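To start, the structure under review is shown below, and the notes come after it.
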Amino acid sequence: MAVKLYKVYKELSKYSPALYSKSGGEEILVDVELFSPDENVFHEKILYIGKASQFINIHRDKLNKGVYLIEVDKEYDNNWFINNNISFIEVSNVQDIQDLFVKVKNLFIENYMVLQNSADFLNALTSDRGLNYIINISSEVLQNPIILIDSCFKVLAHSDIKYITEPFWIRNINLGYCSYEFISEVNKIKSFRNAPNSTEPFIVICKESPIRKLVSKVIIDGNIVGYIILLESIEKFTESSYETIKILSNVISEELKKDQVYRNLGGLRYENLLIDILERSIIDEYALKERMKSIDCSFGDNLCLLVLDISQYNSNVTKPNFLKGSLEQLFPKHKSLFYKEHVLIVLDLLYEEKVEYFMDKDITSFLEENNIILIVSNNFSDILDLSKHYQQALDSMEIIHILDMEGNIFYYEDLKFYHLIQDVKDYINLSNYCSQSVYKLLEYDKKNNTEYFLTLKTYIEEDKNSIETSNKLFIHRNTTNYRLNKIKEITNIDLNNGDELFRITMSIKILEFLNKKEQIGLKGGK
């Protein structure tokens with residue numbers, strides 16, 4: 026129920042107040058009482074309201090601990106108060122001191138209500154029942170409808186729609202986002218354009234409706250992530266409305282921090298749009314165009330998604346924001362965000378430009394030095410396909426883990442076959458689809474302790490180059506040639522036959538994949 030002396034002073038402007046304070050009005054007051062000269066003890070956290078004439082003949086030593094609001098109805102020695110470092114406010118033009126007392130008392134009551142509201146908000150926050158619950162509790166407390174939108178003008182939550190009477194807000198809520206026309210009009214409103222970059226509430230009045238709005242920005246780590254809009258459609262705004270909505274803004278900020286998406290947003294409006302596309306909240310062209318217009322954002326038709334796995338990145342050995350700053354340098358003018366433990370970069374390439382042009386030595390070195398894995402998607406033309414390519418990147422990371430592949434840059438194009446066999450249902454025995462020639466070779470190796478299967482695999486990987494095969498296996502070229510001839514003798518395969526080469530390669534990849542899965546204990550290692 027505490028109120029600062031300075032707040033009391035501000036509320037008394039019509040009484041021409043003068044503040045005399047040893048701490049600039051920061052004194053904390055817990056209650057207000059009418060001054061009585063007969064009082065024996067005055068308390069330092071109580072504000073006493075009286076007339077100057079009441080202070081003239083009183084024993085002053087007992088006044089040392091109080092804080093006073095004095096109506097100057099008569100000349101008195103205010104220098105004594107000043108010299109003794111006693112805080113007080115002087116007022117004049119008071120018609121009825123009882124009215125003055127009621128006005129100040131109401132400040133304490135309003136402050137008590139704000140504290141009670143804070144407790145309600147805190148309970149709502151700790152209940153883990155989500156944004157809609159917090160907004161509905163807040164609407165009951167403030168006795169007016171509330172709408173919460175993000176910085177991209179997407180509707181995140183709202184109170185009971187039956188109390189929201191403005192057609193444009195009903196339309197926005199039903200759409201799930203604000204239309205471009207609506208946003209365009211909002212951006213023309215001076216109070217919105219000039220609003221402080223803080224949670225300080227401000228009034229918005231639009232020409233389409235007489236209903237005033239009290240708006241507070243929701244801020245996380247200095248970034249505006251949303252707006253709370255309180256509609257004055259049931260009860261008139263009071264001083265406590267302003268204080269309460271500021272508290273609500275902080276509560277909403279804490280709730281949104283639970284969502285890693287909002288916690289890691291950089292304050293760029295396109296980030297929210299990309300998140301909605303990733304989570305398939307936007308699935309049709311019309312909704313996409315409306316949202317892109319609302320934030321003045323567009324995408325070309327030669328796109329590529331980069332997904333960075335930073336799970337092994339050691340942020341303790343780098344400067345703050347080193348990763349973000351480095352990526353902005355390596356991929357300038359491209360859109361990025363942190364999403365579900367990964368960094369996503371959407372490359373908007375020029376016509377027929379290839380992503381390989383970007384993968385220079387600087388990027389490779391950066392990834393190696395910071396232990397970061399990068400997955401490069403296939404090119405795509407429709408930003409609505411973003412979620413598909415993100416999922417492919419996640420599946421690629423799993424494949425890399427299964428195969429224990431070395432390197433830092435992986436192209437989905439190179440992993441497609443493994444993705445295909447990874448998607449095969451567990452009840453299907455993939456080993457049934459492998460070439461009998463490969464099984465024959467494995468059986469021979471097992472019986473004779475030879476390495477013909479490894480030689481064949483390496484020979485195919487090295488594009489049937491016997492010299493490179495020898496180098497990779499650390500054996501003489503003649504040994505390689507001998508082994509290749511022996512392989513032909515055992516299996517009767519013809520590696521110059523395209524179909525046969527495909528069957529052998531497919532079989533090797535399937536068996537390698539299944540064996541790796543079996544080694545790490547995953548299902549499907551048949």
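Our numbering applies: residue 26 is where the sequence shown begins, and numbers increase by one. Think of the CB as a built atom: it goes at the ideal place given N, C-alpha and C, for glycine as much as any other residue. Note that the structure is predicted; figures quoted are calculated from it, not measured.
**Prompt:** What residues match up with H183 in a beta bridge as DSSP calls it?
**Reply:** I172
**Prompt:** Any chance the region 119-128 sits against the region 214-231, with 3 or more Cβ pairs inside 8 angstroms?
**Reply:** no
**Asked** Any C-beta of chain C sitting closer than 8 angstroms to the C-beta of E468?
**Response** Absent from the structure is chain C; it holds one protein chain and no more.
**Request:** Would you check if the distance between the CB atom of V180 and the CB atom of N197 is smaller than 8 angstroms?
**Result:** yes
**Asked** Is the distance from the Cβ of N91 to the Cβ of Y73 below 8 angstroms?
**Response** According to the sequence provided, residue 91 is Gly. The question's Asn does not apply to it. Yes; because the gap between Cβ atoms is below 8 angstroms, this pair is in contact.
**Request:** Starting from the Cα of K465, find the closest Cα among K511, Y484, F499 and T494 and give me that residue.
**Result:** K511
**Request:** Express the C-alpha separation of N161 and E565 in angstroms, rounding to a whole number.
**Result:** Since the displayed the chain opens at 26 and closes at 551, residue 565 lies outside it and no answer follows.
**Message:** Let me check understanding here. Comparing Cα to Cα, which of C459, N118, L167 and N517 lies closest to M531?
**Reply:** C459
**Asked** How long is the line joining the alpha carbons of K551 and F538, rounded to whole angstroms?
**Response** Here K551 scores only 45 on pLDDT, less than 50, and its place in the model should not be relied on; the value that follows carries that caveat. Cα to Cα, K551 sits roughly 10 angstroms from F538.
**Cβ distance (whole Å) where I107 is taken to contact Y34 below 8 angstroms** = Not quite, the Cβ-Cβ distance comes to about 16 angstroms (not below 8 angstroms), so this is no contact.
**Request:** Could you tell me the distance, in whole angstroms, from the CA atom of K318 to the CA atom of I95?
**Result:** 59 angstroms
**Prompt:** Name the DSSP bridge partner or partners of A43?
**Reply:** E115
**Item:** Span separating the alpha-carbon of I535 from that of A182
**Value:** 48 angstroms
**Request:** Measure the alpha-carbon distance for K365 versus K283 and round it to whole angstroms.
**Result:** 12 angstroms
**Asked** Out of curiosity, what's the CA-to-CA distance linking I111 and N89?
**Response** 7 angstroms
**Request:** Alpha carbon to alpha carbon, how far is A220 from K128? Give it in angstroms, no decimals.
**Result:** 30 angstroms
**Item:** Distance, I83 Cα to E36 Cα
**Value:** 28 angstroms
**Request:** Under 7 angstroms Cβ to Cβ from E438, same chain only, skipping five residues before and after it: list those, please.
**Result:** N403
**Request:** Would you list, in sequence order, the uninterrupted beta strand (DSSP E) runs of no fewer than 3 residues that lie entirely inside the region 262-289?
**Result:** none
**Prompt:** Mind checking K482: buried by the 16 CB within 10 Å criterion, or exposed?
**Reply:** buried
**Request:** Report the residue from S117, I81, V119 and D98 whose alpha carbon sits nearest the alpha carbon of W21.
**Result:** The first residue shown for the chain is 26 and the last is 551, placing residue 21 beyond what the model contains.
**Item:** Residue environment, K242, which counts as buried when at least 16 other CB atoms sit within 10 Å
**Value:** buried
**Prompt:** What does I255 pair with, by DSSP beta-bridge criteria?
**Reply:** A quick correction: the sequence has Leu, not Ile, at residue 255. In DSSP, L255 forms a bridge with I171 and L239.
**Asked** Cα-Cα, which of V368, V119, T269 and Y93 is closest to N169?
**Response** T269
**Request:** Starting from the Cα of Y252, find the closest Cα among E260, S278 and I259 and give me that residue.
**Result:** S278
**Prompt:** How would you label I195, buried or exposed, when you count the other beta carbons within 10 angstroms and need 16 or more for buried?
**Reply:** exposed
**Prompt:** How should I134 be labelled, buried or exposed, when 16 other C-beta atoms within 10 angstroms of its C-beta is the threshold for buried?
**Reply:** exposed
**Item:** Segments assigned alpha helix (DSSP H), at least 4 residues, entirely inside the region 448-517
**Value:** 461-473, 477-486, 491-498 and 502-516
**Request:** Tell me whether F227 sits in a helix, a strand or coil according to DSSP, three-state version.
**Result:** strand
**Prompt:** Just checking my contact of E115 with P42 at CB under 8 angstroms: how many whole Å lie between their CB atoms?
**Reply:** 7 angstroms
**Item:** Exposure label - I398; buried when at least 16 CB within 10 Å
**Value:** buried
**Item:** Simplified DSSP assignment, three categories, for H426
**Value:** helix
**Prompt:** Just the Cα atoms here: how many angstroms apart are S234 and L313?
**Reply:** 28 angstroms
**Message:** I need the straight-line Cα distance from V28 to N131, nearest angstrom please.
**Reply:** 11 angstroms
**Item:** Inter-residue Cα distance where the pair is Y382 and N275
**Value:** 45 angstroms
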